[in-house]
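Note that the sequence shown ends on residue 1219 in this note's numbering; no numbers are left out.
For every residue, glycine included, the Cβ atom is placed at its ideal position computed from N, Cα and C.
Structure, as structure tokens:
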Amino acid sequence: TSTRTRSGVMDSLLRSSILRFAPTTSGVNYPMMYVGARNTFFCWHVEDNLLYATNYVHSGAPKIWYAVPPGSMEAMEVVWRKNFPKLFERHPDLQYWKTCIFSPMVLRAHGIPVYRTVAEPGSFVFTLPGAYHCGINTGFNVAESSNFAFPAWVPTGAYAIDRYREPPTRDPPLLHDALLCSVR
């Protein structure tokens, strides 16, 4: 499968990823380009199927990132539900929507560790499977993002499928078993 991308920045990483055996999906195993503007943000989320992710800032203003370590994923979800019960009553699967932004201080007040980094042009940010993250653009910028997975991710991917089967359910964006059958 060809791994030639728009910019070529992530080609080597994607050639090493087992996602090269999956159908090409923008933003999953084929990078998406993002144009940010001052004070625009990306909401709290984990990557689909609990994949690894990378984001590369090509040019422009920095992006500020906040992240919760993977070991605190479920504790974060408990705090999220506790602080926004009405939202979860209406939308029990809210954590899958990528539509909520709130201060990291809400999490820190409940003992959830939150880390901050600034991605300058020419730098990568990598997120681990199960690491909730969000961020804000400090001005106009252009960034590229993609998911990836190495063989060690396979048990994590199976865990993601188990999570998707429990209420609130969701369809997996990546068919884990089909991927395993196609890995050569």
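> If you draw a straight line from the C-alpha of PRO1164 to the C-alpha of GLY1043, how long is it?
Replying inline: Roughly 24 Å separates the two Cα atoms.
>> Using only the alpha-carbon positions, how far apart do PHE1123 and ALA1110 sit?
In response: PHE1123 and ALA1110 have their C-alpha atoms roughly 16 Å apart.
> For the candidate residues ASN1064, ASN1084 and PRO1203, whose alpha-carbon lies nearest to that of ARG1125?
Replying inline: PRO1203
>> I need the DSSP call for PHE1175, collapsed to helix, strand or coil.
In response: coil
> Straight-line CA distance for GLU1112 to TRP1079?
Replying inline: 11 Å
> What number of angstroms, rounded off, separates the C-alpha of PRO1058 from the C-alpha of ALA1187?
Replying inline: Rounded to whole angstroms, PRO1058 to ALA1187 spans 20 Å at the Cα level.
> Once you ignore the five residues that flank PRO1127 on each side, which residues in its own chain have a CB closer than 6 Å to its CB?
Replying inline: Only PRO1203 meet the Cβ criterion.
> Any idea which residues DSSP pairs GLY994 with across the strands?
Replying inline: The structure shown has nothing for residue 994, since the chain only spans 1036 to 1219.
>> Under DSSP, the beta strand (DSSP E) around VAL1092 begins and ends at which residues?
In response: Its beta strand (DSSP E) spans residues 1087-1095.
> Quick one: what does DSSP say ARG1151 is sitting in, helix, strand or coil?
Replying inline: strand
>> Measuring straight from C-alpha to C-alpha, what distance separates GLY1157 and ALA1144?
In response: 33 Å
> From what residue to what residue does the beta strand (DSSP E) around THR1162 run?
Replying inline: 1159-1162
> Rounded to the nearest angstrom, how far is the Cβ of THR1152 from that of VAL1160, given a contact under 8 Å?
Replying inline: 6 Å
> CA-CA distance, VAL1070 and SER1051?
Replying inline: 27 Å
>> Considering Cα atoms alone, identify which of GLN1130, PHE1076 and LEU1049 is closest to TYR1199.
In response: GLN1130
>> Please classify SER1061 as buried or exposed, where buried requires at least 16 neighbouring CB atoms within 10 angstroms.
In response: When all chains shown are included, SER1061 counts as exposed.
> For SER1107 versus ILE1053, is the C-beta spacing smaller than 7 Å?
Replying inline: Not a contact, by the Cβ cut-off of 7 Å.
>> Which residue marks the beginning of the beta strand (DSSP E) containing TRP1079, and which one marks its end?
In response: 1076-1080
> So what does GLY1170 bridge to, in DSSP terms?
Replying inline: As DSSP reads the structure, GLY1170 sits in a beta bridge with PHE1077 and TRP1100.
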